[in-house]
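Residue 830 in this note's numbering sits at position 796 of the sequence shown, with consecutive numbering throughout. Here the structure is laid out as structure tokens; the discussion comes afterwards.
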Amino acid sequence: MEKEDLKVLNKGEEEEMELQGYRLCRWRLALVGLAVLCTGGFLLLVLYWMPEWCVKSTCTRTTARDAEVVLLRSTDEFRRWFLARVRVMLAPGSNPFHSLETQTTSPCSPSSPSCPFSSPASTPLANGHTPHPSDGSPAQELIRRFADYQPKQIRYFTFHSTKYYWNDEVQNFEVLIGLEDLQINCSTLHSEHSAGLTRNQQEYRRLFFGVNEIAVKVPSVFKLLIKEVLNPFYIFQLFSVILWSADEYYYYAVAIVFMSVISIATSLYTIKKQYVMLHDMVAAHSIVRVSVCRANNDIEEILSTDLVPGDVMVIPSNGTIMPCDAVLVSGTCIVNESMLTGESVPVTKTNLPNPVPGGRGEEADSAYNTEDHKRHTLFCGTNVIQTRFYTGELVKAVVVRTGFGTAKGQLVRSILYPKPTDFKLYRDAYLFLLCLVAVAGIGFVYSIVLSIMNKSPAKTIIIESLDIITITVPPALPAAMTAGIVYAQRRLKNIGIFCISPQRINICGQINLVCFDKTGTLTEDGLDLWGVQRVENGSFHLSEENAYKESLVKSQFVACMATCHSLTKIEGQLSGDPLDLKMFEATGWILEEATEEETSLHNRIMPTVVQPPKQLLPPEPASSQEHDMELYELSSAYEIGIVRQFPFSSALQRMSVVARLLGEKRMDAYTKGAPEVVASLCKKETVPENFAGVLEGYTKQGFRVIALAHRRLESKLTWHKVQNINRDHIETNMEFLGLIIMQNKLKAETPGVLHDLHQANIRTVMVTGDNMLTAISVARDCGMIPPQDTVIIADALPPHDGQAAKIIWRYADKPSKTSRLEEVNISLEDVCHADEPKTQELYHFAMNGKSFSVITEHFPDMLQKLVLHGTVFARMAPDQKTQLIEALQGVDYFVGMCGDGANDCGALKRAHGGISLSELEASVASPFTSRTPNISCVPSLIREGRAALITSFCVFKFMALYSIIQYISVTLLYSIPSNLGDFQFLFIDIAIILLIVFTMSLNPAWKVLVSRRPPSGLISGPLLFSVLTQILICLGFQTITFLWVRQQPWYTIWTPLTDVCNQSSHINVSDNIEVDDHNIKNYENTSLFYVSSFQYLIVAVVFSKGKPFRQPSYKNWPFVLSALSLYFFLLFIMFHPIETIDEFLQIVCVPFEWRVKLFLIILVNAAVSVVVECAHLCLT
35 MEKEDLKVLN KGEEEEMELQ GYRLCRWRLA LVGLAVLCTG GFLLLVLYWM PEWCVKSTCT
95 RTTARDAEVV LLRSTDEFRR WFLARVRVML APGSNPFHSL ETQTTSPCSP SSPSCPFSSP
155 ASTPLANGHT PHPSDGSPAQ ELIRRFADYQ PKQIRYFTFH STKYYWNDEV QNFEVLIGLE
215 DLQINCSTLH SEHSAGLTRN QQEYRRLFFG VNEIAVKVPS VFKLLIKEVL NPFYIFQLFS
275 VILWSADEYY YYAVAIVFMS VISIATSLYT IKKQYVMLHD MVAAHSIVRV SVCRANNDIE
335 EILSTDLVPG DVMVIPSNGT IMPCDAVLVS GTCIVNESML TGESVPVTKT NLPNPVPGGR
395 GEEADSAYNT EDHKRHTLFC GTNVIQTRFY TGELVKAVVV RTGFGTAKGQ LVRSILYPKP
455 TDFKLYRDAY LFLLCLVAVA GIGFVYSIVL SIMNKSPAKT IIIESLDIIT ITVPPALPAA
515 MTAGIVYAQR RLKNIGIFCI SPQRINICGQ INLVCFDKTG TLTEDGLDLW GVQRVENGSF
575 HLSEENAYKE SLVKSQFVAC MATCHSLTKI EGQLSGDPLD LKMFEATGWI LEEATEEETS
635 LHNRIMPTVV QPPKQLLPPE PASSQEHDME LYELSSAYEI GIVRQFPFSS ALQRMSVVAR
695 LLGEKRMDAY TKGAPEVVAS LCKKETVPEN FAGVLEGYTK QGFRVIALAH RRLESKLTWH
755 KVQNINRDHI ETNMEFLGLI IMQNKLKAET PGVLHDLHQA NIRTVMVTGD NMLTAISVAR
815 DCGMIPPQDT VIIADALPPH DGQAAKIIWR YADKPSKTSR LEEVNISLED VCHADEPKTQ
875 ELYHFAMNGK SFSVITEHFP DMLQKLVLHG TVFARMAPDQ KTQLIEALQG VDYFVGMCGD
935 GANDCGALKR AHGGISLSEL EASVASPFTS RTPNISCVPS LIREGRAALI TSFCVFKFMA
995 LYSIIQYISV TLLYSIPSNL GDFQFLFIDI AIILLIVFTM SLNPAWKVLV SRRPPSGLIS
1055 GPLLFSVLTQ ILICLGFQTI TFLWVRQQPW YTIWTPLTDV CNQSSHINVS DNIEVDDHNI
1115 KNYENTSLFY VSSFQYLIVA VVFSKGKPFR QPSYKNWPFV LSALSLYFFL LFIMFHPIET
1175 IDEFLQIVCV PFEWRVKLFL IILVNAAVSV VVECAHLCLT
């Protein structure tokens, strides 16, 4: 039963989880309650830390359908456990899309598979359940209103701000997304969903979809405090403090409590601040008043929180911040989507096409989804700047998704519930701690046996044996580990790199491959017009610098440049795509838009008008016969009105407009786009024969080439017909006008940075949405592909007409010459040697997004080999960039990603180290944001990452040695029986350890990136060898000291009256001598205290590494000053005892010759430690 009832939620998605159903069991619950009482509440803590134990110990397995509690487990590499309570609500129906008024379903019947949550009969009540409405009274109110309906029980649970409802059809829990659940076609959306909902329908749907709000609840300080304090580490500290207090070690206990309070307070402040920031970011404009259309054509004003999928929202003409995801069904909007994409360029959104059922090609009626129809979808959180509308008609949008289901909601969820950072260092740290716990276990048993042999009282046995555990696992370890990261974060901030995920800094130290976006990252953001090359009578003219000429002012070429764009005026400023802006500015023309008043006077949208500047127009109308084909005859003004826009589509790689010259009856169509695409839409005779050669010449030089085309439309095409015509009818039989050549200059820093990365043996890859040949050219220009290396383009073709998918290989320099796969020798063994510098990189693969998706789907084995040598990935969609990052991580690369935040959000988040060069809100998805808008931040981040990683290793090794040195001292002293004194512990832990730990982490990063990487984990041969040899050295010298002191001729059991230093004159013999219960004051204790104190400092110096990843330790003056001060202080109290200090530290006076011997032991110990560590470094 266990196997068959294991359900999988969100199959194939990022949040895929396994689900098991459980039912509460009363007798198990009673047993667990008893066990909690017996363990003093400790079992309750263990069950809090381990959700799966909690569920399995208190519940019995049942089917998912009858579950009262569900146990969830993520299917990713972390395999995390979660639990959720199943709730039951009563509703008048079981499907949110049922129409309650007519007792029919729209648009599908209850049994239809696309209407999920329907069950014809009411589900019987599960045992132990008390059904309740989800939002209190609304459900009861609705049930009363629809008394004819039998109330249905709806079972659901909430996990990570998402509700999962039980679906009887598929026998599983599913998420309600929104209108897309219905899988409706565009035509159905227009015909059946554009009228609006009644108030009852809206309230009914709200039962399922909830309030339309992205609620980021800021937890109270008390809640955060409880969560923080219940961390296993703080519980261990609490246990330690109680133990030390019981043993009367009050001062150290107070010191640890003080440190913990500071640590908790800092942590709470940071977490609270992040919650407040996120809450403020989301709360801004999240609740607004909106107008909705009701089913009876009324317009009603409601709060945006009441919106549900299916509502028809009226977009105000002066714009708004979208409170949900909605699809435009009438009118046009200009939207700023910077919150979502990072691009502050306004985007034009047009209404969803309403295809004729049974149409073909572009007119085919496809199912609506937000990804395919994003040009028609207004996303939550984006800013609608202005709308265009017909007189008397409203700009309407149908609500598609609400709350956390929206694009903004998903972004906020990814921030609220991030994936844990998986890094070998952290996994190894836990293993290392387990080893220390094992060592503590040995000490625990040893101290019990010893205490029993010494016939110690039970209280002493318990306290001393438990004390060993608190010594071996140092309570200050987490604070020490984070110190290096905090310092690195501060150094990064000083160079303008901001970090929202500090744990990622360590991971950046391992990066051995960096992906770069091209435009705005490697190259300048804007494009400059390099020149134009016009075509007449099927052949190219010579290239011209610009089109700003009197002779060309009335040419179709300039008319196309002036009209074929999506520019708009916002507050008097031209705004839009940078390429469109540069192209339009090059003509020198003027753009005028109709005001709202002008639009309302006419019966339709007033067109946007463009006209040339007066100085470019000839003084009198041109009349020469030979130019009749090229020029228009005009009596007065020369103006072109843009009648209809077909926006740029990345799938079609082109945009078109229909325009009309003032005074002309016939309209003109203008198209611009990717040269290959535009040429394919033109009449063959108008495209020059040498078109491919000329185009290749430009793209190889790294130019961005745009082709223009024109067509006179038939006179029968009226204004109304043009508004409803499909673009396929317009974009055909066109005349090729020529090419516009744009230049995208490299940023000055790019070649130098890439050279530094190559020198450091860090691979670089370009991931861009641009043309393939342009990308290859830029890769060669910036040094990503060395001049002598070959570039092989992989063109993958999907299965077609019964033929299997295939890959065609061709050389980028010789496009015609194809190479067979056998000629390209690739082996997966290269992965293992990814870190070794290659003598010569012989070839690089390049491919576009289409080929990448075909290879991913049909040649998954080939993909691994291709990404090993793939350098250029062109025309990549945002989700493909993320897939590429995952593929590279799949072949054991530590991947960095640097982008300008525009469409790189997913990739920046998925990479081990994502750096956004944009400071817009989209950078919230990126762990790092650089204030410097060029890639010079990449080597800086890697250097700081390496320094922080090495610091973590140094600190971890030092803390491990510290606990072991103290463990050895205490274990040796237990044998006599004695211990270290309270103030000795205090001096070691506060004055030595904390001071050294927090200063040894201050070494800045090394100036240059070296070709080798630091190790990624603690559990590696060289590292373990280093730690174990130092442990043996410390053990050896402490044991020698302990045994040798007892062999001294002056040695005797110490009492307050013992005088081996001949200091009888100083001793004030009094009757009431304080009895030393713990036997702290003795010669063994004093000797071990001196030797161990120096050992802490010796290992600190030995482990504090500098080159090649950090600056040398002697440049870290706080560390040098701290170490020297401690050396001086210890030597001073050793050779010049001061009675008050001796009393405070509970050390006794020993003869001078023994102090000299101790000094020799310390010197030999230091020499052996340094020699062994240096020898180990030379060997590795």
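Cβ atoms here follow ideal geometry from the backbone N, Cα and C, with glycine treated the same way.
Mapping DSSP to helix, strand and coil, what is residue 146?
-> Model confidence at residue 146 stands at a pLDDT of 38, short of 50, so the residue's coordinates are unreliable and nothing is read from them.
Do you know whose CA, among 1213, 1075, 1119, lies nearest residue 1194's CA?
-> Checking every option, the nearest Cα to that of residue 1194 belongs to 1075.
contact_flag[the region 1028-1039, the region 959-970] where n(CB pairs < 8 Å) is 3 or more = No, the region 1028-1039 does not touch the region 959-970.
Are the Cβ atoms of residue 360 and residue 431 separated by less than 8 Å?
-> The criterion of a C-beta distance shorter than 8 Å is satisfied by residue 360 and residue 431.
How is residue 581 classed by DSSP in three states: helix, strand or coil?
-> Looking at residue 581 - three-state DSSP - the assignment turns out to be coil, as it is neither helix nor strand.
Beta-bridge partners of residue 1215, as assigned by DSSP | The shown model of the chain, from 35 to 1214, leaves out residue 1215, and the question about it has no answer.
Measure the alpha-carbon distance for residue 1103 versus residue 1063 and round it to whole angstroms.
-> In this prediction, residue 1103 has a pLDDT of 43, which is less than 50 and means its spatial position is unreliable; what the coordinates show is noted afterwards. Using only the alpha carbons, I get a separation of about 47 Å.
Comparing alpha-carbon positions, which option in 568, 775, 39, 297 lies nearest residue 731?
-> The candidate whose alpha carbon is nearest that of residue 731 is 775.
Report all residues from its chain with a CB closer than 7 Å to the CB of residue 785; omit the five preceding and five following residues, and keep chain order.
-> Closer than 7 Å at the Cβ level, and outside the excluded window around residue 785, lie 816, 817.
From residue 406 to residue 683, what does the alpha carbon distance come to, in whole angstroms?
-> Spanning the two alpha carbons is a distance of roughly 10 Å.
Among 439, 1146, 1006, which residue has its Cα nearest to the Cα of residue 1071?
-> Here the closest residue by C-alpha is 1006.
Between residue 905 and residue 548, is the Cβ-Cβ spacing less than 8 Å?
-> In this structure, residue 905 sits away from residue 548, with a CB-CB distance that is not shorter than 8 Å.
Return helix, strand or coil for residue 716, following the three-state DSSP convention.
-> Residue 716: strand per DSSP, three-state reduction.
Around the Cβ of residue 787, are there at least 16 other Cβ atoms within 10 angstroms (buried) or fewer (exposed)?
-> Label assigned to residue 787: buried.
Whole-angstrom Cβ separation of residue 419 and residue 357, contact assumed at under 8 Å?
-> That pair is no contact at about 16 Å.
Taking C-alpha atoms, which residue in 1203, 619, 317, 336 lies nearest to residue 323?
-> Measuring from the Cα of residue 323, the nearest candidate turns out to be 336.
Considering only residues of the region 901-982, which uninterrupted beta strand (DSSP E) runs meet the minimum length of 3 residues and lie entirely inside it, listed in chain order?
-> List check, beta strand (DSSP E) in window: 904-908, 929-933, 947-950, 962-964.
Taking only the alpha-carbon atoms, compute the straight-line gap between residue 464 and residue 1185 and give it to the nearest angstrom.
-> About 45 Å.
Quick one: Cα of residue 885 to Cα of residue 903, how far?
-> In this model, residue 885 and residue 903 are separated by some 15 Å (Cα to Cα).
Provide the residue(s) that pair with residue 609 in DSSP beta bridges, ordered along the chain.
-> 602.
According to DSSP, is residue 83 helix, strand or coil?
-> Of the three classes helix, strand and coil, the one that applies to residue 83 here is helix, per DSSP.
What residues are listed by DSSP as bridge partners for residue 737?
-> Residue 737 pairs with 777.
Where does the unbroken beta strand (DSSP E) through residue 701 begin, and where does it stop?
-> Where residue 701 is concerned, there is no enclosing beta strand (DSSP E), because DSSP gives it neither an H nor an E.
Sequence-distant residues of its chain with Cβ nearer than 8 Å to residue 328 (five each side left out) | Here residue 328 has 230, 231, 232, 233, 334 as same chain residues with Cβ atoms under 8 Å from its own Cβ, once five neighbours each way along the sequence are excluded.
State yes or no: is the C-beta of residue 497 within less than 8 Å of the C-beta of residue 486?
-> The beta carbons of residue 497 and residue 486 sit no closer together than 8 Å.
What residues match up with residue 562 in a beta bridge as DSSP calls it?
-> The partner list for residue 562 (beta bridge, DSSP) reads 777.
So, is residue 838 buried or exposed, given that buried needs 16 or more other C-beta atoms within 10 angstroms?
-> With fewer than 16 neighbouring CB atoms inside 10 Å of its own CB, residue 838 falls in the exposed class.
Counted within 10 angstroms of its Cβ, other Cβ atoms place residue 599 as buried (16 or more) or exposed = Counting every other CB atom within 10 Å of its CB across the protein chains shown gives residue 599 a total of 16 or more, marking it as buried.
Do the region 876-890 and the region 923-933 make contact, defined as three or more Cβ pairs closer than 8 Å?
-> A contact between stretches requires three or more CB pairs, one per stretch, nearer than 8 Å, and the region 876-890 fails this requirement with the region 923-933.
Reduced DSSP category for residue 469 - H, G, I as helix; E, B as strand; rest coil | DSSP places residue 469 in helix when its eight states are reduced to three.
Under 8 Å between C-beta atoms of residue 674 and residue 644 = Annotated as proximal: residue 674 and residue 644, with beta-carbon spacing under 8 Å.
Three-way DSSP call (helix, strand, coil) for residue 1193 in this model | Helix, per DSSP.
Output the distance between the C-alpha atoms of residue 291 and residue 1054, rounded to the nearest integer angstrom.
-> Rounded to whole angstroms, residue 291 to residue 1054 spans 35 Å at the Cα level.
8 Å Cβ cutoff met for residue 1143 and residue 1040 = Residue 1143 places its beta carbon less than 8 Å from that of residue 1040.
Residue 56 and residue 124: beta carbons closer than 8 Å?
-> Contact: no.
Whole-angstrom distance between residue 236 and residue 726, CA atom to CA atom | Rounded to the nearest angstrom, the two C-alpha atoms are 57 Å apart.
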